[in-house]
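Novice:
In the numbering used here, the protein residues as written are 13 to 493.
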């Protein structure tokens, strides 16, 4: 048995054709979805990258493991916590990864016999690098039972797709640097500007058209789709496609200017927490299956363990596959086989990087409780009617206060039940160490003699650029695409 688990970093569900997008971003991933099962309402309970992947590999959400913040020095995963690659390695699988999450936290390399760090000395990771490392590894181990984790970052900022992929999404003759276009003014005047200037905007040049940057995102997704095609065709060529359980997921989505978030993945809005999850396993998963109920990242670990136990390959130690106790995730097999529709009636969501917030999402409503809004202006409560307002534009918290209080009470009960008397790690992060991304901005501001307070009071791009001695943008694209 072969298992290939693919993280499509920063891929929001509604930007795939199989999830209803009208532009041709994912023709090959759409084909994979038609050959297997697609989870229509899969959610990232914890965002962004670090905590999302931790939930996937532990089968438990951040409130259970204590991992609630991306980039926090306070985070630590005890070695006593069961970790999916470690379980599979102990059971006899050859385990490999093409990934760089080890650069964030050491536990992401646990359990792998082969860990190929995809970033090396480069700052930006191209999916070409992932395939160049993965395909030879697959060829070498194709006759073994293996688990391979692949992490593609192409849809993550900075958006630097090959030039040939841009035109279909932006069009000929348009000028992204037209000085008469003011659509970037809000992004450039945002309090988070100093961070994104270095991380993203400097790589693109003096863009004035916000639509151009969103088109770059679509182009990156289309480029990613071609890389997945190359990988899947290679599985066919080496003769293992039919025996491979293939899992594709987004770790979180991306806001493309929605909710005052400019090409980033904070905020517990649908653009960021609704993610694609697609699985294909010929002969085991029905074709063109769509599960409509709620599922979450933590469901993937028990799903994989159940699949391996059922397959019972020679050489696999089934005693090592015991499902860990008290997982938050539930196996998806009942939903895949049509015996259920999803794994939960409500989804609980959390973030603690740019801002600290929790949310509960029911069939109709979403209640977001903001504890620290960082560089954003948010009310304490946000209540949205997702049936009438799927874009989450109309905050009903003051109009429907009883509904807001009822949902917040339910959210608090859930949090307390998961903490089970332990201190709340989110409150510890806020009170003892501050939000990680606030610290990042403070370091950048400090280099030009600004404080967080002085910058938030007057977040003017020109002021920052003058202080930095900037104003000239470096213009370059990824090489080797």
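C-beta atoms are modelled at their ideal positions from N, C-alpha and C, and glycine is treated no differently.
Computed from a predicted structure; not experimentally measured.
Just to confirm the assignment: which complete alpha helix (DSSP H) runs, minimum length 4, are found wholly within the region 402 to 439?
Specialist: If we require 4 residues or more, the alpha helix (DSSP H) runs fully inside the region 402 to 439 come out as 413 to 431.
Novice: Is it right to say residue 389 is buried, meaning 16 or more other beta carbons lie within 10 angstroms of its own, or is it exposed?
Specialist: The residue is exposed, with fewer than 16 neighbouring Cβ atoms inside 10 Å.
Novice: Compare the beta carbon distance of residue 437 and residue 80 with 7 Å and say whether it is the shorter of the two.
Specialist: yes
Novice: Take the Cβ of residue 491 as the centre, count every other Cβ of all protein chains shown within 10 Å, and call the residue buried at 16 or more, exposed below.
Specialist: Its pLDDT being 34, under 50, residue 491 is placed unreliably by the model, and the measurement read from it follows with that caveat. Result: exposed.
Novice: Looking at the structure shown, is residue 485 part of a helix, part of a strand, or coil, going by DSSP?
Specialist: In this prediction, residue 485 has a pLDDT of 36, which is less than 50 and means its spatial position is unreliable; what the coordinates show is noted afterwards. Three-state DSSP puts residue 485 in coil, outside helix and strand.
Novice: Could you tell me the boundaries of the beta strand (DSSP E) in which residue 377 lies?
Specialist: 377 to 384
Novice: Taking only the alpha-carbon atoms, compute the straight-line gap between residue 486 and residue 38 and give it to the nearest angstrom.
Specialist: Confidence at residue 486 is low in this model, with a pLDDT of 37, below 50, so the placement of that residue should be treated as unreliable; the coordinate-derived value is given next. Rounded to whole angstroms, the separation of the alpha carbons of residue 38 and residue 486 is 31 Å.
Novice: Would you call the region 272 to 283 and the region 359 to 376 touching, i.e. three or more CB-CB distances under 8 Å?
Specialist: yes
Novice: Based on the DSSP secondary-structure assignment, which residues constitute the bridge partners of residue 276?
Specialist: Partner residues in the beta bridge of residue 276, as assigned by DSSP, are 267.
Novice: Rounded to the nearest angstrom, what separates residue 228 and residue 235 at their Cα positions?
Specialist: Each residue's Cα considered, the two are about 10 Å apart.
Novice: Output the boundary residues of the beta strand (DSSP E) element that contains residue 292.
Specialist: 289 to 292
Novice: So, with DSSP's three-state summary, where would you put residue 127?
Specialist: strand
Novice: When you compare only the Cα positions, how much space is there between residue 219 and residue 190?
Specialist: 8 Å
Novice: Grouping DSSP H, G and I as helix and E and B as strand, with all else coil, what is residue 453?
Specialist: helix
Novice: Report yes if the CB atom of residue 400 is closer than 7 Å to the CB atom of residue 84, and no otherwise.
Specialist: Contact flag unset, no.
Novice: What residue from 267, 348 and 250 has the CA that sits closest to residue 305's CA?
Specialist: 348
Novice: Could you have a look at residue 231 and say whether DSSP puts it in helix, strand or coil?
Specialist: Of the three classes helix, strand and coil, the one that applies to residue 231 here is helix, per DSSP.
Novice: State yes or no: is the C-beta of residue 298 within less than 7 Å of the C-beta of residue 254?
Specialist: no
Novice: Cβ atoms of residue 19 and residue 263: under 7 Å apart, would you say?
Specialist: yes
Novice: Quick one: residues in its chain with C-beta nearer than 8 Å to the C-beta of residue 412, no 5 flanking neighbours on either side, listed in chain order?
Specialist: 395
Novice: Assign residue 53 to buried or exposed, taking buried as 16 or more other Cβ atoms, counted over all protein chains shown, within 10 Å of its Cβ.
Specialist: It counts as buried.
Novice: Closest by CA to residue 417, which one among 98, 14 and 393?
Specialist: 393
Novice: Give me the Cα-Cα distance between residue 196 and residue 203, rounded to the nearest whole angstrom.
Specialist: 14 Å
Novice: Near residue 188, what residues of its chain come up, given a Cβ to Cβ distance below 6 Å and the 5 sequence neighbours on each side ignored?
Specialist: 219, 221 and 224
Novice: State the CB to CB distance for the pair residue 87 and residue 112, rounded to an integer number of angstroms; the pair is presumed to be in contact (CB under 8 Å).
Specialist: Not really, about 17 Å apart at Cβ, beyond 8 Å.
Novice: Quick one: what does DSSP say residue 210 is sitting in, helix, strand or coil?
Specialist: Residue 210 falls in the helix class under three-state DSSP.
Novice: With H, G and I counted as helix, E and B as strand and the rest as coil, what does DSSP make of residue 157?
Specialist: coil
Novice: Could you tell me the distance, in whole angstroms, from the CA atom of residue 453 to the CA atom of residue 475?
Specialist: 15 Å
Novice: Expressed to the nearest angstrom, what Euclidean distance is found between the alpha-carbon atoms of residue 446 and residue 463?
Specialist: Looking at the two C-alpha atoms, the distance is approximately 15 Å.
Novice: Rank 233, 415 and 256 by C-alpha distance to the C-alpha of residue 323 and give the top, closest one.
Specialist: Distances from the CA of residue 323 to each of 233, 415 and 256 were compared; the closest alpha carbon is that of 256.
Novice: Three-state secondary structure (DSSP) at residue 490?
Specialist: Its pLDDT being 41, under 50, residue 490 is placed unreliably by the model, and the measurement read from it follows with that caveat. Secondary structure at residue 490: coil, using DSSP grouped into helix, strand and coil.
Novice: Would the beta-carbon of residue 332 fall within 7 Å of that of residue 103?
Specialist: yes
Novice: Check whether the Cβ atoms of residue 398 and residue 422 sit closer than 7 Å, and answer yes or no.
Specialist: no
Novice: Does residue 157 pass the burial test, meaning 16 or more other C-beta atoms within 10 Å, or should it be called exposed?
Specialist: By the beta-carbon neighbour count (other beta carbons within 10 angstroms, threshold 16), residue 157 is buried.
Novice: For residue 291, is the classification buried or exposed, using 16 other Cβ atoms within 10 angstroms of its Cβ as the cut-off for buried?
Specialist: Taking every protein chain shown into account, the CB of residue 291 has 16 or more other CB atoms within 10 angstroms, so this residue is buried.
Novice: Pull the bridge partners of residue 284 from the DSSP assignment, please.
Specialist: As computed with DSSP, residue 284 is found in no beta bridge at all.
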